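Input: a single structure, listed below in structure tokens.
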Amino acid sequence: MGIFKIIRNTDYGLPYMNNVLNYVCYGHTDYDKLYSLNTDVYNAYEQFLTVKRYFGKTSGNPVFHFVVVYNAKTTRGDNLEIAESISRSIAAYFTDRYQLVYCIHKKPRHKKNGGCASIYHAHFIMNSVSYIDGKMFSGNKSEQYAFLEYIKSVTGDKSWIVQYDSDKKKSYNSSYEAV
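FYI, the numbering for the sequence shown is 8 to 186, going by the numbering used here.
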């Protein structure tokens, strides 16, 4: 069973976008793989901000942050290539309208009775403003459900669960310049 975790934080605006990009891309684990299908991962903050400014939408919820925690069965144990392929397919769901960066982290989770439960998880950070028409992504329940169904079809696993979380208590050193 995989976990689809939705992390919402609308209180801190652009500084939150800066912090979450920094955390996901640079501060999470020793083993990280950075990707994007439509954004330069090393300039994501500036590129996200450019789209927001162009459409006049620099306030409110800055990003849609979600985590996909793969189980060992989905990635066939410690198979990074499978995690990369699945993550790329998941990212493709949004990249025709929204800028998105993602990072695969390797962090073994050991079961109490031995063995390894979850090896890989991927953080996805999506600009909440469409680069096509400036439409804001709401992330409402129906959009979340449709996306979860897509994840199930990509992974071939129908037993995913959803968790909701908040990053309100986390603060990260910034490698991006806040504007």
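Note that the Cβ used here is the ideal one computed from N, Cα and C, for glycine as well. Values in this document were obtained by computation on a predicted structure and should not be read as measured data.
Proximity of residue i and residue j at Cβ, strictly below 8 Å
i    : j    : result
F11  : F73  : yes
I126 : D164 : no
F55  : M24  : yes
S149 : V70  : no
V75  : I97  : yes
Y42  : S94  : yes
T57  : L21  : no
H130 : V31  : yes
Identity of the residues DSSP links to residue i by a beta bridge
i    : result
Y42  : Y109
Q170 : K12
M143 : V136
Y127 : K113
Min CB distance residue i to chain B below 8 Å
i    : result
T162 : Any reference to chain B falls outside this structure, which holds one protein chain only.
Burial state of residue i (16 or more Cβ within 10 Å)
i    : result
D9   : The amino acid at residue 9 is misidentified as Asp; the sequence shows Gly. G9 is buried by the Cβ-count criterion.
Y138 : buried
I132 : buried
I14  : buried
Y152 : exposed
I168 : exposed
K142 : exposed
D172 : exposed
K59  : buried
N78  : buried
- 4-residue-minimum alpha helix (DSSP H) runs that sit fully inside the stretch 50 to 101, ordered along the chain: 51 to 61 and 87 to 99
- Query: Should the stretch 44 to 53 be called in touch with the stretch 100 to 116, which here means at least 3 C-beta pairs below 8 Å?
  - Reply: yes
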